[in-house]
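Trainee: Residue numbers (the numbering used here): 20 to 341.
I'd like to ask you about the structure that follows.
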Amino acid sequence: MTSRVLWVLLRQYLGRGLRYLRLRGLLLSARAGAFLSEPWLQTLSSKCPRLCRLTLLHTDLRGLRSCSLLPHTLQVLELRSCEVPPGFFTQNPPGSPDLDGPKPAASKIHSKPSKSPSFSGISIETLVLDNVPSFTNQHLQSLSSWARLSRLELRELIRVTAAGLRACAPPGPQALARLRHLEMDTGNRQQMAALGLGEGWAGLEGLGLGGREVSPGLLCLSRLPDLRWLRLRNCRLTEMMVLRSCRTLKELHRLEFWQVEFVTEGRGGGEAEGGGEREEGEREREEPSENDPVPNLRRSLGTLLPKCSLLFTQCKVTENTD
Numbered sequence: 020m021t022s023r024v025l026w027v028l029l030r031q032y033l034g035r036g037l038r039y040l041r042l043r044g045l046l047l048s049a050r051a052g053a054f055l056s057e058p059w060l061q062t063l064s065s066k067c068p069r070l071c072r073l074t075l076l077h078t079d080l081r082g083l084r085s086c087s088l089l090p091h092t093l094q095v096l097e098l099r100s101c102e103v104p105p106g107f108f109t110q111n112p113p114g115s116p117d118l119d120g121p122k123p124a125a126s127k128i129h130s131k132p133s134k135s136p137s138f139s140g141i142s143i144e145t146l147v148l149d150n151v152p153s154f155t156n157q158h159l160q161s162l163s164s165w166a167r168l169s170r171l172e173l174r175e176l177i178r179v180t181a182a183g184l185r186a187c188a189p190p191g192p193q194a195l196a197r198l199r200h201l202e203m204d205t206g207n208r209q210q211m212a213a214l215g216l217g218e219g220w221a222g223l224e225g226l227g228l229g230g231r232e233v234s235p236g237l238l239c240l241s242r243l244p245d246l247r248w249l250r251l252r253n254c255r256l257t258e259m260m261v262l263r264s265c266r267t268l269k270e271l272h273r274l275e276f277w278q279v280e281f282v283t284e285g286r287g288g289g290e291a292e293g294g295g296e297r298e299e300g301e302r303e304r305e306e307p308s309e310n311d312p313v314p315n316l317r318r319s320l321g322t323l324l325p326k327c328s329l330l331f332t333q334c335k336v337t338e339n340t341d
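Now the structure itself:
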C-alpha cells in the first residue's frame, strides 16, 4: 500500500467509528519510499478519535521523529517486521523539545490546558515488538517513562540482551515499574535475554517464554515471587526441569504449555512380575491424552502447586531410550 492510497483510504473510508487499524508498509517492496507521514498521522488522529489499536507490518518508521506522532488514543501498538529510529520511544527526543509547537505566554495563563497528545500523555498499555531489528536496549529502557505500559511482548529482537532487560527491572531509574505481563520469544538465535530476569522483577504477574528463551527463563523463576501466570511454548522440556523451576512459585494460578515436546525416560524391562503388574495398572489409570499428555507431571505439580491449573495445547511426548 502506498502513501497515496493511504490518503484516499483516510479521506473516503475511515471515520469516527474506527477502533482497529492494520497496515502493511513498503519495507520489503522494491518501490520502498515514504509510507506513514506526519500530516497523515495527524489527520488520522482527528478523523478517528476512537482508534485504540494499531498494527503495522513491514513499515519503515525511521522517517518519523517520535512515537508521539501516533494517535494519542492508542492503547495497543503492534510493530511486526518494522524498523524504528533512535529515540523513537523516548519522552523528549533530541531536537523536539515541544512537539506541539511554541505557545504564546499569554495563552498559558488565560486558556484551558490543551488536550492535544504529548509525551506525558502516552496511553499505550500493550506494546508488541516482533522482528524489529533496529530495536535496542536503549529503546527498551526508554519505555520506562510510559505511564500506562503494563504488557510487553518481545519477539525475535536481535539487539535486546540480558543486560538491557536487567536494567529495566525495578527498582531503578529506567525500571518498567508498572509492567505486569512480559513475553519473550526467540526462535533462531541464542539471545538468552531472559537471564535478565535473574535480578528479580517485583510486580510481574504474567510471563511467557518461547523458543530459546525458555531454558534461561526457567533458571530465573525463583526470583519472581509475584508470578501468577506462566506460559512455555515451542520448546523441549523434561518433567524434572518443570518441577525444579516451578516449585517455588506458590502464587502461580495457571501454567500453560503450548507446542511443547516433553522428553520422558524409557522404561526398563528387568522388573519383578508383581512390580510389572502394578505398573501396568498405574498406566491404565493414567493413560496420556491430548489434554493431559504427561499425567505424572500433572500429578506432581498438583502436589507442589495446589492452586495452579494446567493447560496443554498441541503438545507431544518423546521417549528417550538412551
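For every residue, glycine included, the Cβ atom is placed at its ideal position computed from N, Cα and C.
1) Please tell me whether residue 159 and residue 183 are closer than 8 Å, where the distance is taken between their beta carbons.
2) Count the other C-beta atoms from every protein chain shown that fall within 10 angstroms of the C-beta of residue 109, then say buried if there are 16 or more, exposed otherwise.
3) Within the continuous beta strand (DSSP E) that includes residue 225, where are the two ends?
4) Excluding the 5 residues flanking residue 271 on each side, which residues of the same chain have their C-beta closer than 8 Å to its C-beta?
5) Alpha carbon to alpha carbon, how far is residue 216 from residue 175? Give it in angstroms, no decimals.
6) Excluding the five sequence neighbours on either side, which residues of its own chain have a C-beta within less than 6 Å of the C-beta of residue 332, listed in chain order?
7) Who pairs with residue 39 in a beta bridge, going by DSSP?
8) Mind checking who residue 33 pairs with in its DSSP beta bridge?
9) With distance defined between alpha-carbon atoms, name the residue in 196, 262, 275 nearest to residue 315.
10) When DSSP labels each residue in this structure, what does residue 109 get in the three-state scheme?
11) So residue 221 and residue 189 are supposed to be a Cβ contact under 8 Å. How far apart are they, rounded?
12) For residue 165, which residues from the same chain have a beta carbon less than 7 Å from its beta carbon, with the 5 sequence-adjacent residues on both sides left out?
13) Curious, which full-length beta strand (DSSP E) runs of at least 3 residues does the region 155-241 contain?
14) When you compare the CB positions of residue 280 and residue 335, do they come within less than 8 Å of one another, or not?
15) Enumerate in chain order the residues of its own chain whose CB-to-CB distance from residue 172 is below 6 Å, with the five nearest sequence positions on each side excluded.
Mentor: The structure says:
1) Working through the sequence shown from its first residue, we reach residue 159 at position 140. Working through the sequence shown from its first residue, we reach residue 183 at position 164. Contact: yes.
2) For this step, residue 109 is matched to residue 90 along the sequence shown. Residue 109 comes out buried.
3) Within the sequence shown, the letter at position 206 stands for residue 225. Segment 225-230, the beta strand (DSSP E) holding residue 225.
4) Translated into positions along the sequence shown, residue 271 becomes position 252. Contacts found: 246, 247, 248, 249, 265, 324, 326, 327.
5) Along the sequence shown, read from residue 1 onward, the residue named residue 175 stands at position 156. Along the sequence shown, read from residue 1 onward, the residue named residue 216 stands at position 197. Answer to the nearest angstrom: the Cα atoms are 17 Å apart.
6) What you label residue 332 is simply residue 313 of the sequence shown in a count that begins at 1. Within the same chain, residue 332 has close Cβ partners 277.
7) The residue you call residue 39 lines up with position 20 of the sequence shown. According to the DSSP secondary-structure assignment, residue 39 is paired through a beta bridge with 72.
8) Walking along the sequence shown from the start, residue 33 turns up at place 14. Assignment of beta-bridge partners to residue 33 by DSSP yields no partner.
9) For the purposes of this step, residue 315 is taken as residue 296 along the sequence shown, with counting starting at 1. Comparing Cα-Cα distances from residue 315 to each of 196, 262, 275, the minimum goes to 262.
10) Translated into positions along the sequence shown, residue 109 becomes position 90. Under the three-state reduction of DSSP, residue 109 is assigned to coil, being neither helix nor strand.
11) Here the question's residue 221 lines up with position 202 in the sequence shown. Here the question's residue 189 lines up with position 170 in the sequence shown. Rounded, the Cβ-Cβ distance is 5 Å, consistent with contact.
12) Counted from its first residue, the sequence shown places residue 165 at position 146. So the list reads 141, 143, once near-sequence residues are dropped.
13) 170-174, 200-205, 225-230, all fully within the region 155-241.
14) Walking along the sequence shown from the start, residue 280 turns up at place 261. Walking along the sequence shown from the start, residue 335 turns up at place 316. Residue 335 sits close to residue 280, with the two beta carbons spaced by under 8 Å.
15) In the sequence shown, the residue the question calls residue 172 occupies position 153. Cβ within range, chain order: 147, 202.
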